[in-house]
Amino acid sequence: MAANPDRPRRLRRTPALRRLTAEVRLAPSALIQPIFVRDGIDHPHEVRSMPGVFQHSVDSAVQAAATAAAVGVGGVILFGIPSVKDEIGAEASDPDGITQRALRAVVREVGDKTVVMADINLDEYTTHGHSGVLGPGGDVDNDQSIIRFAEVAVAQADAGAHVVAPSGMMDGQIGVIRARLDAAGHQSVAVMAYAVKYASAFYGPFREAVRSSLVGNRRTYQQDPANIKESAREVLLDVAESADIIMVKPALPYLDIIAKVADMVHLPVAAYQTSGEYAMVEAAAAQGTLDRTETIRESLLAIRRAGATSILTYWATEAADAIAGWG
């Protein structure tokens, strides 16, 4: 056999060589742990469709955040689950609402160790389960909704959030939130925009986790999975409105979109590995169909390889603790 000087396999021969020449790396600081906080409970409740994920009390949410911070997780993001819902999601902006109480407690515990974020949305708080306020015709009223989002943002910033993350997909939401935060003296609070959020089937388990009341779908305001150029338009609008971080959701089914966004902007790009992505891997691993650890690692690498600088994932704390041993 003729000699072949070009042998890429040389750099794959040992774990040490593979680590040395890896083009993309995972780091705990690039991971963000979602935490569900439910009003009226005194111990964690496991989410049936997301084994290993819990609805937390305020106290157990603090413990979860502390565990995440201890292994170097870059951030935590809180989602509140209220006891009482209404048509406008009033508790979302109540200073004593579940998210604000949890924010104050988490910031006291880990605010100097990790980034504390809060999701801005009304879907958990409304009787109709939509992301905003409904108009007379039953559709979501864009302009009234972003006024509510801005009120929620100020309440979260008052409670100590370092970053607020509007996920309602209303037109103009970033600009209104930024203006209201600045007017309230919160110029240093960053805005992570869910700039690209598709109307996806991969959100199913999340709706159970937050006890959503939604009947129907959110296709009139979340993006059509068939569209790419629309994503670019949404991103550019949010950048123009002074977003600090751009997010794509879901992650793994939309790696092409993550890559496009990363090429477009000079801002950090986050990607949300959704509840459905998590649930699929956990279900397949429980049946012995997939190697759970390797699948988690590979999926996170794929999202980083596509261009995400940070990843919201329900495996954040577990992965951060394991990364040093992944070769």
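Just so you know, this note's numbering puts 237 at position 257 of the sequence shown, and the rest follows in order with no gaps. Just so it is clear, CB atoms sit at the ideal spot from N, CA and C, and this is done for glycine as well. None of these values were measured; they are calculated from a predicted model.
Item	Value
Would you kindly check if the distance between the Cβ of residue 226 and the Cβ of residue 175 is under 9 Å?	yes
Exposed or buried, residue 4, counting other C-beta atoms within 10 Å across all chains shown (16 or more means buried)?	exposed
Measuring straight from C-alpha to C-alpha, what distance separates residue 213 and residue 42?	38 Å
Report all residues from its chain with a CB closer than 6 Å to the CB of residue 272; omit the five preceding and five following residues, and keep chain order.	265
Can you name the residues that DSSP bridges to residue 291?	11, 251
Count the other C-beta atoms from every protein chain shown that fall within 10 angstroms of the C-beta of residue 71, then say buried if there are 16 or more, exposed otherwise.	buried
Please list the terminal residues of the continuous alpha helix (DSSP H) segment that includes residue 150.	Taken as a continuous stretch (DSSP letters only), residue 150 belongs to no alpha helix (DSSP H), as it is neither H nor E.
For residue 197, count neighbouring C-beta atoms within 10 Å of its own C-beta (all shown protein chains included) and say buried if the count is 16 or more, exposed if not.	exposed
Which of helix, strand or coil does DSSP assign to residue 18?	strand
Answer with buried or exposed for residue 165, where buried requires no fewer than 16 other C-beta atoms within 10 angstroms of its C-beta.	exposed
Look at the alpha carbon of residue 241 and the alpha carbon of residue 148, and state the distance between them as a whole number of angstroms.	19 Å
Pick helix, strand or coil for residue 126, following the three-state DSSP scheme.	helix
Using the C-alpha atoms, what's the distance from residue 50 back to residue 1?	28 Å
DSSP has residue 177 in a bridge; who is on the other side?	229
If you follow the alpha helix (DSSP H) that residue 244 is part of, which residue opens it and which one closes it?	235 to 244
Could you give the distance in angstroms between the alpha-carbon of residue 98 and the alpha-carbon of residue -15?	54 Å
Got a sec, what are the start and stop residues for the alpha helix (DSSP H) residue 144 sits in?	Looking at the DSSP string, residue 144 is not in any alpha helix (DSSP H); the run it does join, the beta strand (DSSP E), is 143 to 146.
Check whether the region 206 to 220 and the region 62 to 82 are in contact - that is, three or more C-beta pairs closer than 8 Å.	no
Between 93, 115, 79, which has its C-alpha nearest residue 100's C-alpha?	79
What are the boundary residues of the beta strand (DSSP E) that residue 98 is part of?	95 to 100
At what residue ranges does the region 32 to 104 contain a whole run of the alpha helix (DSSP H), taking only runs of 4 or more?	38 to 50, 78 to 90
What is the rounded straight-line gap between the Cα of residue 275 and the Cα of residue 268?	12 Å
Excluding the 5 residues preceding and the 5 following residue 184 in the sequence, name in chain order all residues of the same chain whose CB lies nearer than 6 Å to its CB.	256
Output needed for residue 281: all residues of its chain with C-beta closer than 8 Å, excluding positions within five of it in sequence on either side, in chain order.	4, 6
In whole angstroms, what separates the C-alpha of residue 150 from that of residue 138?	23 Å
So for residue 172, helix, strand or coil by DSSP?	strand
Is it true that the CB of residue 53 sits closer than 9 Å to the CB of residue 296?	yes
Here's the rule: buried if 16 or more other CB atoms are within 10 angstroms of the residue's CB, otherwise exposed. What is residue 45?	buried
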